[in-house]
Amino acid sequence: MENNAMIYLKTLQSAEGEEQTDEIELQTKGVFARKDGKFYIIYEESELTGFEDTTTTIKVSEEMVCMTRRGKYNSRMEFRLGEKCLCSYNTPFGVIPVGVNPISLENNLTEDGGNLAIEYILDIDNRDYLVNKLKLTVDKILS
Numbered sequence: 032m033e034n035n036a037m038i039y040l041k042t043l044q045s046a047e048g049e050e051q052t053d054e055i056e057l058q059t060k061g062v063f064a065r066k067d068g069k070f071y072i073i074y075e076e077s078e079l080t081g082f083e084d085t086t087t088t089i090k091v092s093e094e095m096v097c098m099t100r101r102g103k104y105n106s107r108m109e110f111r112l113g114e115k116c117l118c119s120y121n122t123p124f125g126v127i128p129v130g131v132n133p134i135s136l137e138n139n140l141t142e143d144g145g146n147l148a149i150e151y152i153l154d155i156d157n158r159d160y161l162v163n164k165l166k167l168t169v170d171k172i173l174s
């Protein structure tokens, strides 16, 4: 698939009970498509995000969002409001099983692009560990 969109990604991450927040912003070209009623956002990660040499695919349907990373680091996370999903997170130190518990999920994607926002808690050993906020804006490039 050919790059047809500008993707703006902002993530905020803080440890449970900590005031300090880590912030990462990425602007990159990527693929934005709709297939079988689902939106797909595909882009290459960079050293800035800590996932260099990795392709991220975000599949958005009415009931859930699935984020898959393939390459140097592999992971798959599912976000469904009201459901905690168990996922595996590959790191340079090995595979870590984590729980993903969405707090909010806002999908404003249309055929022309739009916004996606997810706030969720990652837990390890059933202990809340990190609070994450992911904000994604997609601007379709007109050819």
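Residue numbers (our numbering): 32 to 174. Every residue gets a Cβ at the ideal spot worked out from N, C-alpha and C, and that includes glycine.
Per DSSP, which residues does N157 bridge with? Please list them.
For N157, which the question treats as bridged, DSSP gives no partner whatsoever.
Integer-rounded CB distance, given that N139 should sit under 8 angstroms from N146:
5 angstroms
Classify E114 as helix, strand or coil using the three-state DSSP reduction.
The answer is strand: DSSP assigns E114 an E or B state.
So what does DSSP say about E78, is it helix, strand or coil?
helix
Helix, strand or coil: how does DSSP classify E142 here?
It is coil, neither helix nor strand.
Could you tell me whether the Cβ atoms of E33 and Y160 are closer together than 8 angstroms?
no
Cβ neighbour criterion (16 or more within 10 Å) applied to T122
exposed
For I149, list the residues DSSP reports as bridge partners.
L136 and L165
Rounded to whole angstroms, what's the CA-CA distance from K103 to K115? Just pull it up for me.
26 angstroms
Report the residue from I55, M95 and E93 whose alpha carbon sits nearest the alpha carbon of E78.
Checking every option, the nearest Cα to that of E78 belongs to I55.
How long is the line joining the alpha carbons of N163 and D154, rounded to whole angstroms?
Their Cα atoms are separated by approximately 11 angstroms.
Could you check where the beta strand (DSSP E) with K103 kicks off and where it finishes?
It is not in any beta strand (DSSP E) - K103 carries neither H nor E in the DSSP assignment.
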